[in-house]
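In what follows, a structure is listed as structure tokens, so that the remarks can point back to it.
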Amino acid sequence: FQLGVEASEAGDAARAKAAYTRAVRLHSGYVEAWNNLGVACRTLGEPEHALEAYSMALKVNQNCKKTRENMAICLLELGCKSLQAKDWKKASSLLKRGLVYNSK
Numbered sequence: 109f110q111l112g113v114e115a116s117e118a119g120d121a122a123r124a125k126a127a128y129t130r131a132v133r134l135h136s137g138y139v140e141a142w143n144n145l146g147v148a149c150r151t152l153g154e155p156e157h158a159l160e161a162y163s164m165a166l167k168v169n170q171n172c173k174k175t176r177e178n179m180a181i182c183l184l185e186l187g188c189k190s191l192q193a194k195d196w197k198k199a200s201s202l203l204k205r206g207l208v209y210n211s212k
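If you want our numbering, it's the 1-based position in the sequence shown plus 108.
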């Protein structure tokens with residue numbers, strides 16, 4: 109986990125992703141590692157993988173405020189991209205989900 113933090117602080121999202129992936133494999137209930145894995149994935153332009161990581165973190169602790177905020181941000185960003193692509197149905201779904209995560 110600490111290697112992931114150091115890599116994140118150094119701006120190396122790929123190395124951070126690898127370190128956080130190792131951390132969650134060793135301890136699947138590590139909420140902070142799941143959350144940080146999601147942040148690294150989002151930084152790498154992998155929003156779907158980020159959502160998976162945030163979902164895993166929320167399975168462990170559904171009230172983790174930081175993860176809920178990150179989930180909301182990721183969903184809202186994906187919703188805005190869907191709006192730009194004029195995929196109204198997908199945009200509506202993503203934006204609604206983002207607001208739900210951001211409301212607690």
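Every residue gets a Cβ at the ideal spot worked out from N, C-alpha and C, and that includes glycine.
Just how far apart, CA to CA, sit residue i and residue j?
i, j, result
"tyrosine 128", "serine 200", "31 Å"
"asparagine 169", "lysine 194", "34 Å"
"serine 190", "leucine 134", "35 Å"
"tyrosine 290", "glutamine 110", "As shown, the chain starts at 109 and ends at 212. That puts residue 290 outside it, with no answer to give."
"lysine 125", "alanine 118", "13 Å"
"lysine 198", "glycine 187", "7 Å"
"alanine 122", "tryptophan 196", "32 Å"
"glycine 112", "lysine 167", "21 Å"
Identify the continuous alpha helix (DSSP H) that holds residue i and give its terminal residues.
i, result
"cysteine 253", "The displayed coordinates of the chain run from 109 to 212. Any statement about residue 253 would go beyond what the structure contains."
"alanine 126", "121-134"
"glutamate 156", "155-168"
"glycine 112", "110-117"
"leucine 152", "Note, leucine 152: premise wrong, no alpha helix (DSSP H); not H, not E."
Below 8 Å on the Cβ atoms is my contact criterion, and I expect residue i with residue j to pass it. Report the Cβ-Cβ distance as a whole number of Å.
i, j, result
"tyrosine 162", "threonine 175", "5 Å"
"serine 116", "alanine 158", "Their Cβ separation, rounded to whole angstroms, is 14 Å, which puts serine 116 and alanine 158 out of contact at 8 Å."
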